[in-house]
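Undergrad:
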Amino acid sequence: MSEKKFDTIVVKVDSKTKKQLEQVAAVQRTSVSSIVRDSISDYLQKDITWQGQMQASMEVLRRQIERLNQIINLFIDFWLFWTEYYFAYTKPFGDMDEQQKKLLIRQGKNRTDMMVEAFKIRMKEKKPGFVEKFVSDYIVQDKAEV
Numbered sequence: 001m002s003e004k005k006f007d008t009i010v011v012k013v014d015s016k017t018k019k020q021l022e023q024v025a026a027v028q029r030t031s032v033s034s035i036v037r038d039s040i041s042d043y044l045q046k047d048i049t050w051q052g053q054m055q056a057s058m059e060v061l062r063r064q065i066e067r068l069n070q071i072i073n074l075f076i077d078f079w080l081f082w083t084e085y086y087f088a089y090t091k092p093f094g095d096m097d098e099q100q101k102k103l104l105i106r107q108g109k110n111r112t113d114m115m116v117e118a119f120k121i122r123m124k125e126k127k128p129g130f131v132e133k134f135v136s137d138y139i140v141q142d143k144a145e146v
């Protein structure tokens with residue numbers, strides 16, 4: 001069985017600090033020397049702790065940027081969807097007979113249906129949050145009114 005070998009260091013503190021250390025040691029049910037040893041160890045390891053905190057902060061920022069990127073992509077998808085939706089239902093101008101107009105409107109409705117389905121599938125793949133679900137529900141509701 002190997003025993004740990006400790007070197008002895010004498011730490012001088014005033015009486016107030018000594019009493020505070022003894023009180024903390026009593027509450028934590030440990031010795032004053034272990035508190036001092038842990039404090040010195042923490043002081044010597046503060047760069048490593050700081051590095052860990054920085055990595056954790058960077059991870060949080062990375063997740064926030066990823067979420068923002070998803071929201072921006074959703075906005076772009078939504079904007080493109082409504083642009084296509086508008087042009088799909090824009091009635092043709094010019095000198096066309098009724099049959100051609102009906103054919104273009106029917107094609108526009110078919111394209112819109114395909115866009116709605118594609119948008120729903122894309123939202124399912126992304127595992128949407130509240131905003132995405134709201135947008136999907138709005139599209140479905142608007143489609144039902146048409």
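UniProt numbering numbers the first residue of the sequence shown as 1 and each following residue consecutively. No residue lacks a Cβ here, since even glycine has one placed at the ideal position from N, Cα and C.
Which residue from V11, R122, S33 puts its Cα closest to that of S78?
TA: For this step, residue 78 is matched to residue 78 along the sequence shown. Correcting the residue identity first, residue 78 is Phe in this sequence and not Ser. Considering only alpha carbons, the answer is R122.
Undergrad: Taking the alpha helix (DSSP H) that Q45 belongs to, which residues open and close that run?
TA: Residue numbering aside, residue 45 sits at position 45 when the sequence shown is read from its first letter. It is not in any alpha helix (DSSP H) - Q45 carries neither H nor E in the DSSP assignment.
Undergrad: By a C-beta neighbour count over all protein chains shown, 10 Å radius and 16 as the cutoff for buried, is G52 buried or exposed?
TA: The residue labelled residue 52 in the question sits at position 52 within the sequence shown. With fewer than 16 Cβ atoms within 10 Å of its Cβ, G52 is classed as exposed.
Undergrad: Look at the alpha carbon of R62 and the alpha carbon of K101, and state the distance between them as a whole number of angstroms.
TA: Here residue 62 refers to the residue found at position 62 when the sequence shown is read from its first residue. Here residue 101 refers to the residue found at position 101 when the sequence shown is read from its first residue. Between R62 and K101, the C-alpha separation is close to 51 Å.
Undergrad: Does the Cβ of F119 have 16 or more other Cβ atoms within 10 Å, making it buried, or fewer, making it exposed?
TA: Translated into positions along the sequence shown, residue 119 becomes position 119. Buried, because 16 or more other Cβ atoms sit within 10 Å of the Cβ of F119.
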